[in-house]
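One structure below.
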Amino acid sequence: MTGDQEDGGRYGEAVFRPEQAGEGERIDFGALAYDGVTMARLHALGVGPGWRCLDIGAGTGTVSRRLLDEAGVAEVLAVDRDVRFLAERAVPGLEVREADITAPDFAPGRFRLVHARFVLMHLPDRERLVRALARLVEPGGVLVLSDAVDLTGDRAPRTPYSTAMRAMWQGLRATIGTDVSRVPAYPQLLRAAGLERVAAEIHVPPLLPGSPISRFWADTWERSRAAMLATGQVDDAAVDEAIRYLDSEDCAALAAGMLTAWGHRPAARPA
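For the sequence shown, the numbering used here assigns the number 19 to the initial residue and increments by one for each residue that follows.
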């Protein structure tokens, strides 16, 4: 579900390998932090009974299953490059497909909802991909994209957390091509793809000791430690300090935000 990079290859290969023990749990920690916000937005967009949905980069399938269980959609096609976690948690109405959305022959049909969360940030040529995903939206349907926005820029206070995050973003960009710098442009990309009623919002979960998002980042740093060290910005001691800081009452920092942008395919005009 992610892109090629000259040094490290793809998401799921150089880092975040699905066969690595605990990777499914790491993904689920992220889901616990963000699923409620995602589902609230999808409900607000009218997602519900009768909808046929495409969930791209579905991970462990939490959003896919909640679309079926809570929104009552008709069916969900859950797509990922590795579907081992999806296959473990099959439910009625959920179709699982192993596929690469960057492949020229990726054409699963048209859907009333096309949803991708924490996927495009790892891929090159985002403009082309947004156009391709927009073409999968049926008239009257909606494309919803969510990705991370970095809140540890130069003006953020220097803390063990911000130091680790800056090293992580740089290390992941060098290793697998992750680039969150273009995420704020998603509304413009959706509009350029011919979608209407485009809008966006940002959610920032609180960093609290033992919270799902804190556990997600601690696990993420452990799995991307080699890439972080390669930047020269941190050493093992700094990464360990940042992990301890996350679980400390001293932690005072902003988590990475999740920007969600959406746009609608114009409805078919009466003949």
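Positions of the beta carbon are idealized from the N, C-alpha and C atoms, including for glycine.
Go to residue i, then tell me how far its beta strand (DSSP E) extends in each direction, as first and last residue.
i: Leu226; result: Where Leu226 is concerned, there is no enclosing beta strand (DSSP E), given that its DSSP letter is neither H nor E.
i: Met276; result: Gly275 to His282
Apply the 10 Å Cβ neighbour rule to residue i and answer buried if 16 or more other Cβ atoms are within range, or exposed otherwise.
i: Arg84; result: buried
i: Val1; result: No answer is possible for residue 1: it lies beyond the span of the chain, which begins at 19 and ends at 289.
i: His140; result: buried
i: His61; result: exposed
i: Ala152; result: buried
i: Gln38; result: exposed
i: Gly159; result: buried
i: Arg173; result: exposed
i: Asp268; result: exposed
i: Gly64; result: exposed
i: Pro223; result: buried
To which residues of the same chain is residue i closer than 6 Å at the C-beta, ignoring the five residues directly before and after it?
i: Val216; result: Pro205, Leu208, Arg209 and Gly281
i: Val148; result: Leu207 and Ala211
Tell me, which residues are paired with residue i by DSSP?
i: Glu37; result: Paired residues: none, contrary to the question.
i: Ile45; result: DSSP, once it has assigned bridges, lists no residue as partnering Ile45.
Got a sec, what are the start and stop residues for the alpha helix (DSSP H) residue i sits in?
i: Ala252; result: Before going further, note that residue 252 is Val rather than Ala in the sequence given. Counting along the chain, Val252 falls outside any alpha helix (DSSP H), and DSSP gives it neither H nor E.
i: Ile194; result: Pro178 to Ile194
So, for residue i: in the same chain, excluding its five sequence neighbours on each side, which residues have a beta-carbon less than 8 Å away from its beta-carbon?
i: Gly4; result: With the chain running from 19 to 289 in the structure shown, residue 4 is simply not present.
i: Glu43; result: Asp237
For a quick check, are the C-beta atoms of residue i and residue j less than 8 Å apart?
i: Arg200; j: Arg144; result: yes
i: Gly77; j: Ala92; result: no
i: Ile261; j: Ala236; result: yes
i: Val94; j: Gly111; result: yes
Considering only residues of the same chain and omitting the five flanking positions on each side of residue i, which have a CB-CB separation below 7 Å?
i: Arg18; result: This structure cannot speak to residue 18, because the chain is shown only from 19 to 289.
i: Ser232; result: Leu225, Leu226, Leu264 and Asp265
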